[in-house]
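Numbering (my numbering), first residue to last: 5 to 488.
Using N, Cα and C, we set each Cβ at its ideal position, and we do this for glycine too.
Notes follow the structure.
What follows is the structure, encoded as structure tokens:
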């Protein structure tokens, strides 16, 4: 039974450029006040009628969701039924409708509702994501034709066609961002051009040996910067790609100078892993604003005789002081999110470079040796354990995904090693799979327990401390010293 005056809770609603701290009723359906929230959010968008995007906004509907998980709150449920707590942060976003609603009679409307309920998972968002997946799969196919079909008769025709495809993707991404403000479409198209560009550079310059491969990596770095400037959005992939190909290019240049392969790849793996540990400290200033400063005025009694209608230069300078122009909540949130994305890009670029160097190190020679296998597992352990300290999911994924790739690649290549290395590799994969299954079945908690956190910290300490001894073992320092 609902009382005449529903109980209210105070929540924060973030939408567009506005954050509302408002009291909402607990026992009223969400659809009853979403329109009022949308009206309050859009009230700050002055001059919206001049924006060409308003035509699409008139065909959109508002959705209220949780800010941290993105779970959509159903409009037919109340806040109490949805489990919204007092002080929780919600997001109000507009989703574009494909077409205006069509009116039918009762029978046709009932059939339409049944079909909509049967295929509720398919919509505009899912169709867009399927298009992104198809584009990137096509890009992978083009890269295979560039790299894996070098001896084909029409190979150079494929190279030219791939260049046209890359330019088309970049041009479409720039148009999507600058003309239609579709940042997700621009990012999806622009990111697909990076592997195609790398494949073209490898095909053209690989004939010149390791110097040519280093030059190809340098060309990809330059083109990633150009794509970032031309498109204007999706900076994460371009920064990560430029860092990855830049580090790999330096390693290939060292190989071209006839340095030992094991020394080059071990140095790259160790430096990249240790730099991942320093990224949070090196990028700590990205999410901070300039500290407000206020200059002291020794003669404050002179302000009483100023004309308030004609402010002097000194008063205008006081108004422009940084202590007055404090950042808004939206600016603080945007800067923190931008810093997290930049940090994730740097982490992924370094971790991916570590994965590439370890893969080349494991592939060098007739079979995998115990020192290289142990070094690969040590680097993967450091990266995987380091992912637990980050707050955002994309920062954790930027480190955890290369760590899993290193473990999987090392265990697959270890099947060529001496016994019992193949058995140990299978046991490692089995242990990781069981741990992941147990973590998925366990009850989710906001913070990890103290014992588990302490154990992970000790394991990370041991893994970091073992990197340098493992690296010396791989390059053969212990053998030269007579140690076995």
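Per DSSP, what kind of secondary structure is residue i in: helix, strand or coil?
{"i": "residue 327", "result": "With a pLDDT of 49 at residue 327, under the threshold of 50, the modelled position of this residue cannot be trusted; read the value that follows with caution. DSSP places residue 327 in coil when its eight states are reduced to three."}
{"i": "residue 455", "result": "helix"}
{"i": "residue 284", "result": "helix"}
{"i": "residue 423", "result": "coil"}
{"i": "residue 519", "result": "Residue 519 cannot be examined here, being either before or after the span of the chain that is shown, 5 to 488."}
{"i": "residue 476", "result": "helix"}
{"i": "residue 243", "result": "helix"}
{"i": "residue 406", "result": "helix"}
{"i": "residue 91", "result": "coil"}
{"i": "residue 354", "result": "helix"}
{"i": "residue 294", "result": "coil"}
{"i": "residue 430", "result": "helix"}
{"i": "residue 396", "result": "coil"}
{"i": "residue 237", "result": "coil"}
{"i": "residue 251", "result": "helix"}
{"i": "residue 382", "result": "helix"}
{"i": "residue 363", "result": "helix"}
{"i": "residue 387", "result": "helix"}
{"i": "residue 342", "result": "helix"}
{"i": "residue 492", "result": "The question about residue 492 has no answer here: the residues shown for the chain are numbered 5 through 488."}
{"i": "residue 55", "result": "Confidence in residue 55 is poor, its pLDDT being 48 and thus under 50, which makes the residue's placement unreliable; the coordinate value appears in the next sentence. Coil at residue 55, not helix or strand."}
{"i": "residue 490", "result": "Limits of the chain in this structure are 5 at one end and 488 at the other, which puts residue 490 out of reach."}
{"i": "residue 229", "result": "helix"}
{"i": "residue 439", "result": "helix"}
Do you know how far the Cα of residue j is from the Cα of residue i?
{"i": "residue 323", "j": "residue 330", "result": "Caution is warranted here: a pLDDT of 49 is assigned to residue 323, below 50, making its placement in the model unreliable, and no coordinate value can be reported."}
{"i": "residue 444", "j": "residue 404", "result": "16 Å"}
{"i": "residue 179", "j": "residue 385", "result": "42 Å"}
{"i": "residue 38", "j": "residue 97", "result": "10 Å"}
{"i": "residue 257", "j": "residue 286", "result": "26 Å"}
{"i": "residue 1", "j": "residue 420", "result": "The requested residue 1 is not part of the displayed model; the chain covers only 5 to 488."}
{"i": "residue 137", "j": "residue 485", "result": "53 Å"}
{"i": "residue 183", "j": "residue 164", "result": "28 Å"}
{"i": "residue 269", "j": "residue 149", "result": "28 Å"}
{"i": "residue 352", "j": "residue 32", "result": "45 Å"}
{"i": "residue 327", "j": "residue 347", "result": "Low confidence applies to residue 327: its pLDDT is 49, below 50, so where it sits in the model is not reliable enough to give any reading."}
{"i": "residue 210", "j": "residue 438", "result": "42 Å"}
{"i": "residue 156", "j": "residue 144", "result": "18 Å"}
{"i": "residue 53", "j": "residue 95", "result": "Because residue 53 carries a pLDDT of 46, less than 50, the predicted location of this residue cannot be relied on, and no value is offered for it."}
{"i": "residue 423", "j": "residue 373", "result": "11 Å"}
{"i": "residue 199", "j": "residue 245", "result": "9 Å"}
{"i": "residue 168", "j": "residue 174", "result": "10 Å"}
{"i": "residue 220", "j": "residue 128", "result": "39 Å"}
{"i": "residue 27", "j": "residue 68", "result": "15 Å"}
{"i": "residue 254", "j": "residue 376", "result": "21 Å"}
{"i": "residue 130", "j": "residue 399", "result": "24 Å"}
{"i": "residue 369", "j": "residue 425", "result": "16 Å"}
{"i": "residue 93", "j": "residue 19", "result": "11 Å"}
{"i": "residue 365", "j": "residue 407", "result": "16 Å"}
{"i": "residue 434", "j": "residue 250", "result": "35 Å"}
{"i": "residue 392", "j": "residue 217", "result": "35 Å"}
{"i": "residue 350", "j": "residue 22", "result": "30 Å"}
{"i": "residue 223", "j": "residue 236", "result": "20 Å"}
{"i": "residue 159", "j": "residue 153", "result": "7 Å"}
{"i": "residue 14", "j": "residue 71", "result": "15 Å"}
{"i": "residue 190", "j": "residue 172", "result": "12 Å"}
{"i": "residue 61", "j": "residue 99", "result": "Confidence at residue 61 is low in this model, with a pLDDT of 49, below 50, so its placement is unreliable and no value can be given for it."}
Starting from residue i, follow its DSSP beta bridges and name the residues at the other end.
{"i": "residue 23", "result": "18"}
{"i": "residue 96", "result": "68"}
{"i": "residue 33", "result": "82"}
{"i": "residue 13", "result": "28"}
{"i": "residue 76", "result": "69"}
Report yes if the C-beta distance between residue i and residue j is below 8 Å; otherwise report no.
{"i": "residue 213", "j": "residue 193", "result": "no"}
{"i": "residue 267", "j": "residue 481", "result": "no"}
{"i": "residue 203", "j": "residue 146", "result": "yes"}
{"i": "residue 378", "j": "residue 474", "result": "yes"}
{"i": "residue 355", "j": "residue 387", "result": "yes"}
{"i": "residue 358", "j": "residue 277", "result": "yes"}
{"i": "residue 35", "j": "residue 79", "result": "yes"}
{"i": "residue 227", "j": "residue 207", "result": "no"}
{"i": "residue 260", "j": "residue 215", "result": "yes"}
{"i": "residue 339", "j": "residue 291", "result": "yes"}
{"i": "residue 44", "j": "residue 83", "result": "no"}
{"i": "residue 77", "j": "residue 86", "result": "yes"}
{"i": "residue 170", "j": "residue 135", "result": "no"}
{"i": "residue 273", "j": "residue 361", "result": "yes"}
{"i": "residue 409", "j": "residue 418", "result": "no"}
So that I know if they touch, is there some Cβ in chain D lying closer than 8 Å to that of residue i?
{"i": "residue 197", "result": "Absent from the structure is chain D; it holds one protein chain and no more."}
For residue i, verify whether its CB is less than 7 Å away from any heavy atom of the ligand GDP.
{"i": "residue 46", "result": "The ligand GDP is not part of this structure, which contains no ligands at all."}
Where in the segment 127 to 213 do unbroken runs of the alpha helix (DSSP H), each at least 4 residues long, occur, reported from the N-terminal end onward?
128 to 151, 159 to 182, 187 to 209
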